[in-house]
Amino acid sequence: MKPWWCQPWSILLTGAVVVAGSWVLLQRWWITAPVALGVLAWWLLFLVVVPAGYQAELRAAEGSDKL
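Quick note: to get my numbering, add 71 to the position in the sequence shown (first position is 1).
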């Protein structure tokens, strides 16, 4: 139902590649650490918050159908 770039595996893989690439290319922890925090925030948003909101929306829609 979702495109490939919106699948959990692609989100995890892209984030891991970005963090690893930052370290391999720059080898500076003070650059890689904020990159990793950004990726963690991105993962939290798209792997936890958005799916939970979507599920809540589906439950609310199912509840209104029963009325």
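No residue lacks a Cβ here, since even glycine has one placed at the ideal position from N, Cα and C.
Here the structure is a predicted model, which is why all the values come from computation and not from measurement.
query: Selected residue, minimal CA-CA separation from V88, among K73, P122, V106 and W100; result: V106
query: Straight-line Cα distance separating G134 from V95; result: 50 Å
query: Buried/exposed call for S81, threshold 16 Cβ in 10 Å; result: exposed
query: N- and C-terminal bounds of the alpha helix (DSSP H) containing W114; result: W100 to L115
query: Rounded C-alpha distance that separates D136 from R130; result: 10 Å
query: S93 versus G86: straight-line alpha-carbon distance, rounded; result: 11 Å
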